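**Q** Residue numbers (my numbering): 38 to 91.
Cβ coordinates follow ideal geometry from the N, Cα and C atoms, glycine included.
On a predicted model such as this, the values are computed, not experimentally measured, just so you know.
#1: Quick check: the Cα distance between residue 75 and residue 40, rounded to an integer number of angstroms?
#2: Considering only residues of the same chain and omitting the five flanking positions on each side of residue 80, which have a CB-CB separation below 8 Å?
#3: Going straight from the alpha carbon of residue 47 to that of residue 67, what length do you get?
#4: May I ask you to report which of helix, strand or coil DSSP gives residue 44?
Written out as structure tokens, the structure reads:
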């Protein structure tokens with residue numbers, strides 16, 4: 038994955054925040070990522086970390 042530059046994950050129903058985090062931290066040369074019409078599930082812990090109440 039280290040040399041991956043472009044990835045099309047459009048129309049994907051099985052993505053989650055952990056998979057995306059793993060992907061972007063493993064692909065240093067990625068310059069194009071298509072997620073159009075994809076459904077992304079977010080874990081509550083990750084959501085709360087970046088969008089805390091209050």
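**A** Quick look at the numbers:
#1: Answer to the nearest angstrom: the Cα atoms are 24 Å apart.
#2: Excluding residues within five positions, the ones whose Cβ falls inside 8 Å are 53, 54 and 55.
#3: Their backbone Cα atoms lie some 16 Å apart in a straight line.
#4: Residue 44 sits in a strand when the DSSP states are folded into three classes.
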